[in-house]
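Before any comments, here is the structure.
Numbering (this note's numbering), first residue to last: 117 to 380.
Now the structure itself:
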């Protein structure tokens, strides 16, 4: 529910959340005053961000559908965020009605909403865990029994790695999941890119995130490309997220791509 409830939830709603700000940008209602106020400051500094958020959601939809069309029937959505239709399992099940999806997020409100709204019977599960601890995440995924890592998996890092600092080793996190999945698995990834963005606007945006639950770390194209090491890009490679397998106009500030794990 949007707004400030009479009974405070068991987490600090005075600190803006990246997941709830994303929800607000998409027109959702699962956000609080501090999220909306911070998001509006960011929009003022970088007006294209609203379109970028929509472009990111469009990339997710196209990427999941593409991966499912390659025969992949199971997905792990890392840093899944607050449920927004269509969800990953809804997209995947348009191609494979038996597709299995496991959602992962470390934010308590996100996990709570996910359990309430994404629980869709067999083959859909949610765990509250932090992708910055990939071994624990993988262990908990195994424990759930929803994902069979002996079969190809679609690993999704959508709009999440720019909330992981360099010290937390985002490339190492991706590599840990890459190494755990079988050949034929796919990685879909989108991230904030500093290339082509006005430096003053970028500084204002990153400053706004300093008081949020996670900082924002935009990266260069070369830095984002490194996340795909050991994988084979599918066409069109790393692209503007609004234009990945789409004809729409490009929106500055974000890159996205899908890559396949080859046979060793």
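Even glycine gets a Cβ: it sits at the ideal position worked out from N, Cα and C.
The C-alpha of residue 254 is placed about 30 angstroms away from the C-alpha of residue 358. Following the DSSP letters along the chain, one finds residue 342 in no alpha helix (DSSP H), marked with neither H nor E.
Less than 8 angstroms separates the beta-carbon of residue 212 from that of residue 189. Check the Cα spacing between residue 311 and each of 337, 160, 268, 372: the tightest is with 337. Here the segment 314-321 does not lie against the segment 282-299, with fewer than 3 beta-carbon pairs under 8 angstroms apart. Between residue 340 and residue 270, the CB-CB gap reaches or exceeds 8 angstroms. Assigned with DSSP and collapsed to three states, residue 219 falls in strand.
Exclusion of the five residues before and after residue 215 leaves 189, 208, 209 as the residues of its chain whose Cβ lies within less than 6 angstroms of its Cβ. At a Cβ-Cβ threshold of 8 angstroms, residue 268 and residue 298 count as neighbours.
Taking 4 residues as the shortest admissible run, the segment 168-224 contains the following complete alpha helix (DSSP H) segments, listed from N- to C-terminal end: 204-211. Close CB contacts of residue 222 within its chain, under the 7 angstroms cut and outside five residues either way in sequence, are with 244, 245, 246 (chain order). A direct Cα-Cα distance of roughly 23 angstroms separates residue 349 from residue 169. Following the DSSP letters along the chain, one finds residue 244 in no alpha helix (DSSP H) but inside the beta strand (DSSP E) bounded by residues 240-244. According to the DSSP secondary-structure assignment, residue 164 is paired through a beta bridge with no residue. Per DSSP, the beta-bridge partners of residue 302 are 270, 376.
With respect to the C-alpha of residue 321, the residue from 155, 272, 366 having the closest C-alpha is 155. In chain order, 247, 248, 250, 277, 280 place their CB closer than 8 angstroms to the CB of residue 289, counting only its own chain and leaving out the 5 sequence neighbours on each side. Between residue 272 and residue 308, the gap from beta carbon to beta carbon reaches 8 angstroms or more. In this structure residue 287 is in contact with residue 342, their Cβ atoms being roughly 5 angstroms apart against a cut-off of 8 angstroms.
Going by beta carbons, residue 306 and residue 172 fall inside the 8 angstroms limit. Secondary structure at residue 256: helix, using DSSP grouped into helix, strand and coil. Rounded to whole angstroms, residue 352 and residue 185 show a C-alpha spacing of 16 angstroms.
If you check the CB distance, residue 175 and residue 372 come in under 8 angstroms.
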